[in-house]
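With mature numbering (1 follows the signal peptide of the UniProt record, and there is no 0) applied, the sequence shown covers -24 to -1, 1 to 599. Here the structure comes first, spelled out in structure tokens, and everything after it is commentary.
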Amino acid sequence: MRTISKTLISVLLFFLLQAGLAFGMENQALPSTEGQTGQDIFYETPGSISSPSVAESPQDYSSYPLVDNRLVVWFVTQQHTYFGGFVLSIPLFALLLEFLGITRKQQTSQQKLDGLAHDILRVALLSLSITALLGSLMLVTFVTLYPGFMSYMGGTFKPVMPVYAMVFVSEAFLLALYYYTWDFLKTPALKWVHMTLGVLSNATGVILLLLANSWASFMMAPAGVDAQGHFLGNVWHLLHSPLWNPLNTHRFLADIMSGGAVVVAYATYRFFMSKTAEDRAYYDWVGHVFLIVVVCALLPMPLAGYWLMRAVFEFRQTMGMAMMGGMLSWLFVLQAIMVGVLFLGINYYIWQSLARLQGGERFHPHFKAILFGLMVCFLVWFTPHTIAMSGSEMKAMGAAQHPVIGQFGVMSAKNGAVNVMICLTALSYILYRRANRVMTVKWALKGNIFLLMLFLMGIANIVWLAIYGFYIPANVRVGLSSPQGMTTATVVVGGILLNRLMLRGAHINGPVHWGQITPRGIVALFVVAAAFTWVMGLMGYIRSVGRLGWHISELMPDRSSWAFTPSLGFAAKMVTLNMIVFWSSVFFVFWLSRWDQRVVERRTAEFERPSPVIQVISEEESA
């Protein structure tokens, strides 16, 4: 009960701050043009002016000794974003695990999945209080350090802010109810009622994400206001800015990956700290399960990122050029390197996971070939269009771009490379699933030939479309991302489903020996988790700094003394600091949750984690 008390206090504090801000906006001076008609800056529809313009809002900035306002806001906002994504994703994981537990045939595996779901949900409840405190701190920071900006945003989003506060309180209430009714609604007849609470909790979490994203998308691409910044009364236009939908998709996938990465990192830490084979087996299994979750969110992530950047270019080409072809383009090179590390790390982990499976060694040569293909794609993926070089080197080369490798710097080549990496990752998973099985279906040979042709023809089509993109105009080339994405989806989904059909009734050489993975594989798992958290912080910075000298693009300029673009090295250090602080906080939360684990372990005598339970799950997965 101490956990829920702290959570409710934190949520109440956040609600009171939001309510106080909304009340302050109610007492804000009405615009001199109230009631007049204005035209929407994006939708070009008329509307009645109902909030002050940018010019009518205060333009002052608070200044304190030894305080860099932007760095403070950057740090607090990033920590809130990290924890917000964590709190959004963990209840979803718990709901999925609870559902999988219900569908299991073996009672031991049901208890296993149900216990894991309950454990991670306790962590989410603790993290929710931290998220609420960080949200309150972020609100106070904005009001204190950027009062003019916050005055305008609060006045413009005045109809939305009470809704946001109520949704947040509802999320906290439903999450606490979902957690504390776990034992009360554990009977089979009531379990579906309990899962309904989980669905409602996750639904409010998604609504919370959509509302929060509306602020970020409005700052990049405003809508619902006129050219002077007056709100025109249409809340849907205000929320539904040009970048809202792609940003929602991108951040939802990022939050899923963020939550999964944190659990993966915790599992690796506990694996190395475990003193018994049973504990190592358990945390090896947990890391494997949540890596699958991370991969499921990672595979569509490049397509979501491409959709977001395409929307940026469609809104303002100047913004897109500044982000991907100007001063910020080297940040995308860093992002490309880290994304490549993710794909390489995941495939290396799958390769090392063969140590758990009897007969898996026969696929070692295949994985070496896959990793070689990934390295080739990785080199294409992160190669910049214009290489950093001196004037003499440029003169000797005869151009700003290298005549050969410079071609790899355009999006046509990069889209092809990342889609091939996705296909190769799916192939790695298919080989892992086959490692300890011998197929018995009569059409195994024909199935293997069809599977091979599916991957070869799919990859060939992706590469052909990438090459073809060099021979067509740029405005036509961008449309090639759709057939490439459809080809990739067909190869991945079709290959996995076909492989599942071929493995029906297969002879199993032995169960999965959880805990017998090589230490290199566990280290690779941790690197994947750390790399993604760093990428998430970097991409948040890129999205924010893409506005350049504007608080709100083309509406409210940033006239503060901190309105400059930091150097690449400084930005990387700040992203790294945010990552380290977040991970330190998360491990503290995990420690805090384990401190009270004795209570949870007493709720059922079957919560112990013996190795046979892991083997039962392995046998069911093999069926």
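For glycine and all other residues, C-beta sits at the position ideal for the given N, C-alpha and C.
By the Cβ rule, the stretch 305 to 313 does not count as touching the stretch 240 to 248, because fewer than three pairs are nearer than 8 Å. Within a 10 Å sphere around the beta-carbon of ALA253 sit fewer than 16 other beta-carbons, which makes this residue exposed. Remark: C-beta atoms of GLY486 and GLN383 do not approach each other more closely than 8 Å. Taking 8 Å as the cut-off, the beta carbon of TRP490 is found no closer than this to the beta carbon of ASP159. With a beta-carbon spacing of about 26 Å, VAL270 and MET300 fall beyond the 8 Å limit used to define contacts. It is roughly 31 Å from the alpha-carbon of MET550 to the alpha-carbon of ALA148. Excluding five sequence positions before and after PRO218, the CB atoms of its chain that fall closer than 8 Å to its own CB belong to PHE18, SER193, ALA197, ALA199, ALA287, GLU290 and PHE291, given in chain order. By the Cβ-count criterion, LEU421 is exposed, with fewer than 16 other Cβ atoms from all chains shown falling within 10 Å of its own Cβ. Judged by DSSP in its simplified three-state form, GLY60 adopts helix. The three-state reading of DSSP puts MET303 in coil, since its state is none of H, G, I, E or B.
In the DSSP assignment, ILE381 falls outside any alpha helix (DSSP H), carrying neither H nor E. Bounds of any alpha helix (DSSP H) do not take in ILE528; it lies within the beta strand (DSSP E) bounded by 526 to 528. Here ALA70 is buried. Its C-beta has 16 or more other C-beta atoms within 10 Å. Around PRO459, the same chain offers LEU441 as residues with beta carbons nearer than 7 Å, after the five sequence neighbours per side are excluded. Looking at the DSSP output, ARG413 shares a beta bridge with ILE484.
Boundaries around GLY23 are those of the beta strand (DSSP E), 22 to 24, since no alpha helix (DSSP H) includes it. In this structure, LEU531 lies away from GLY14, with their beta-carbon atoms at least 8 Å apart.
The beta carbons of PHE59 and THR107 sit about 4 Å from each other, so the pair counts as a contact at 8 Å.
Non-local beta-carbon contacts of LEU153 in its own chain, meaning distances under 7 Å to residues more than five positions away in sequence, involve LEU173 in chain order. Apart from the 5 residues on each side of it in sequence, TYR155 sits with its Cβ closer than 6 Å to the Cβ of LEU97 and LEU101 in its chain, given in chain order. Of the residues GLY471, LEU89 and SER105, the one whose Cα lies closest to the Cα of TYR258 is LEU89. Counting along the chain, the unbroken beta strand (DSSP E) around GLY14 starts and ends at 13 to 15. It is roughly 10 Å from the alpha-carbon of MET285 to the alpha-carbon of ARG519. Counting only the Cα atoms, LYS81 lies some 18 Å from MET171.
Ranking VAL201, SER112, PHE558 and VAL511 by CA distance to the CA of ALA548 puts VAL511 first.
By a beta-carbon distance limit of 8 Å, LEU184 contacts VAL143. Their separation comes to about 5 Å. With 16 or more neighbouring CB atoms inside 10 Å of its own CB, CYS353 falls in the buried class. In this structure, GLY124 lies away from SER39, with their beta-carbon atoms at least 8 Å apart. Every alpha helix (DSSP H) of 4 residues or more that sits fully in the stretch 493 to 537 is shown, in chain order, as 495 to 521. Ranking LEU430, MET462, VAL380 and ARG409 by CA distance to the CA of ASN391 puts MET462 first. The way I'd put it, the stretch 463 to 473 does touch the stretch 389 to 405; three or more beta-carbon pairs between them come closer than 8 Å. For ILE425, the enclosing alpha helix (DSSP H) covers residues 420 to 444. Between the C-alpha atoms of SER543 and ARG256 there is a straight-line separation of about 43 Å. Three or more beta-carbon pairs drawn from the stretch 223 to 232 and the stretch 273 to 285 are found closer than 8 Å, and the two stretches are therefore classed as touching.
Secondary structure remark: continuous alpha helix (DSSP H) runs of at least 4 residues inside the stretch 113 to 180, in chain order: 123 to 132 and 137 to 156. The Cβ neighbour count for LYS134, taken over all protein chains shown within 10 Å, is at least 16; the residue is labelled buried.
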